[in-house]
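Let me begin by presenting the structure, written as structure tokens, before commenting on it.
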Amino acid sequence: MGLLFLYWSMILVGYLTGTRSRSIRHKLFWVGTLLFIAIIALVFIMGVRMGSNQEVVANLGTIGLEALFITAAIMAGSVLAVTLTRRLLRMDRYGQLLSETDRDQPAADNIKNLEIAGDEPTDSKDSNGKKMTVMILAFVVLGIIFGYLFIPLLFPDYSAFETLSGNVLVVGLCFLLFFVGVDLGLSGTIVHSLKKAGLRVLAFPIAVVLGTLAAAFLCGLVLPLSQKEALAIGAGFGWYTLAPIIITEQGYVIAGAISFMHNIMRELGGIILIPIVAQKIGYIEAPSLPGVAAMDVCIPLIERACSEKIVIYSFLIGLLQSAVVPVFVPLVISL
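Following my numbering, the numbering of the sequence shown begins with 1102 at its first residue and continues without gaps.
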């Protein structure tokens, strides 16, 4: 909770800095480029941590395949739940409310309206999204390879590397989130977007939780896991430092290992897929992918791949998931 307060303090300080710098906005064109470089550096470090973790590497066999299946199913369930909710609330794929005239307009007119409002043209954003996905995937893979080959040589004591890399991630993320705040402050649309969305914004975190649990339940029907094991794994919502420990402590060692792999896959898979889902399916669907990381680690990527208007959705989606993990996981696994 202390880190969450720190992260959002950095966003707030950055936002206030950005609002006071709107008069020189044209001189701050480099902020977007800096954000992208920082995102790439962050995912590389995450890849290094994953590749250097012997527990992760050792579980890349059958347990890894089961974790991958669960991750794919849960991501699909979350996206589907958000899409259904968005359509019920009559919102378009960009997270904007559809008026009667909007629903009667052809799609091309809606795209023109978005461009006039200040967004990049769709073709440009689609191309940028593909490039971002390729670069993120490449640096995650490079990080995993580097971590697997070199970290054991450079750091015989893995705990020392884990502590160092964890501190680097915290500092880097603070730096990154500060500039996300600056970017939001320069645009000046986040408060208006929140007021316009109103209470509708609360429906999406609930949809993600329900979609995740429904998909996890279905996984229990086809995998060699009990229903409660599958639900407990899904209820981890990407929190790989908490959920696997709770499950393992209850005596479910295999389920705990699957939970650990699944939660790592959900966060990293979310980071890789956010740009693709944002461009091909919808902006609000993108924050449903990475689990609890939607409220901190993935916010810079959400802001970059979608728009600043989606940041509040991402934060609330991640916040609700992080709030229910300590309740749902022990409750389900002890049934």
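Note that CB positions come from ideal geometry on N, CA and C, so glycine has one too. Bear in mind that the values here come from a model prediction, so they are computed numbers and not experimental data.
Check: Straight-line Cα distance separating Y1116 from L1300; Outcome: 23 angstroms
Check: Simplified DSSP state of L1198, which is helix, strand or coil; Outcome: strand
Check: C1399 to P1306 span [Cα, whole Å]; Outcome: 15 angstroms
Check: Touch test, the region 1131-1143 against the region 1385-1405, Cβ-Cβ under 8 angstroms, three pairs minimum; Outcome: yes
Check: Cβ neighbours of V1433 in the same chain (closer than 7 angstroms, five flanking residues each side left out); Outcome: K1329, L1332, A1333, A1336
Check: Backbone CA spacing between L1356 and T1186 [nearest angstrom]; Outcome: Strictly speaking, residue 1356 in this sequence is Ala, with Leu absent from that position. Straight-line Cα distance between these residues: approximately 31 angstroms.
Check: Unbroken alpha helix (DSSP H) run spanning Q1380, endpoints; Outcome: 1354-1381
Check: Whole-angstrom distance between I1245 and G1133, CA atom to CA atom; Outcome: 26 angstroms
Check: Proximity below 8 angstroms, CB of P1388 to CB of I1365; Outcome: no
Check: Through-space distance from C1275 to R1150, alpha-carbon basis; Outcome: 19 angstroms
Check: 4-residue-minimum alpha helix (DSSP H) runs that sit fully inside the region 1124-1168, ordered along the chain; Outcome: 1131-1153, 1155-1159
Check: Range covered by the alpha helix (DSSP H) that runs through I1400; Outcome: 1400-1406
Check: G1392 beta carbon less than 8 angstroms from that of F1338; Outcome: yes
Check: Sequence-distant residues of its chain with Cβ nearer than 8 angstroms to D1210 (five each side left out); Outcome: Low per-residue confidence applies at D1210: pLDDT is 42, beneath 50, and the placement is therefore not dependable enough to give any value.
Check: Buried or exposed by the 16-neighbour rule on C-beta atoms within 10 Å, applied to A1395; Outcome: buried
Check: Beta-carbon proximity of Y1195 to Y1353, cut-off 8 angstroms; Outcome: no
Check: Classification of V1283 by the beta-carbon crowding that lies within 10 angstroms, buried from 16 upward; Outcome: buried
Check: T1184: CB within 7 angstroms of a non-hydrogen atom of the ligand COA; Outcome: As for the ligand COA, it is missing from this structure, which has no ligand bound.
Check: S1360 versus A1316: straight-line alpha-carbon distance, rounded; Outcome: 15 angstroms
Check: In DSSP terms, what M1192 is bridged to; Outcome: L1198
Check: Secondary structure of S1327, DSSP reduced to three states; Outcome: coil
Check: Spatial distance of V1269 from F1279 (CA atoms); Outcome: 15 angstroms
Check: Presumed contact (8 angstroms Cβ cut-off) between I1237 and I1373, rounded CB distance; Outcome: 5 angstroms
Check: 7 angstroms Cβ shell around Q1206 - same chain, five flanking residues per side excluded; Outcome: Because the pLDDT of Q1206 is 48, which lies under 50, any placement of that residue in the model is unreliable, and the question is left without a value.
Check: Proximity of G1152 and F1262 at Cβ, strictly below 8 angstroms; Outcome: no
Check: Through-space distance from A1424 to I1347, alpha-carbon basis; Outcome: 15 angstroms
Check: Beta-carbon gap between A1358 and L1190 smaller than 8 angstroms; Outcome: no
Check: When V1241, V1302, V1242 are compared against L1198, the one with the closest alpha-carbon; Outcome: V1302
Check: Reference A1139; option with closest CA among Y1108, T1118, L1277; Outcome: L1277
Check: Close beta carbons around S1415, own chain, < 6 angstroms, minus the five adjacent residues each side; Outcome: P1388, A1395, I1400, I1403
Check: L1421 versus Q1155: straight-line alpha-carbon distance, rounded; Outcome: 31 angstroms
Check: Whole-angstrom C-beta distance between V1242 and G1148, which should lie under 8 angstroms; Outcome: 7 angstroms
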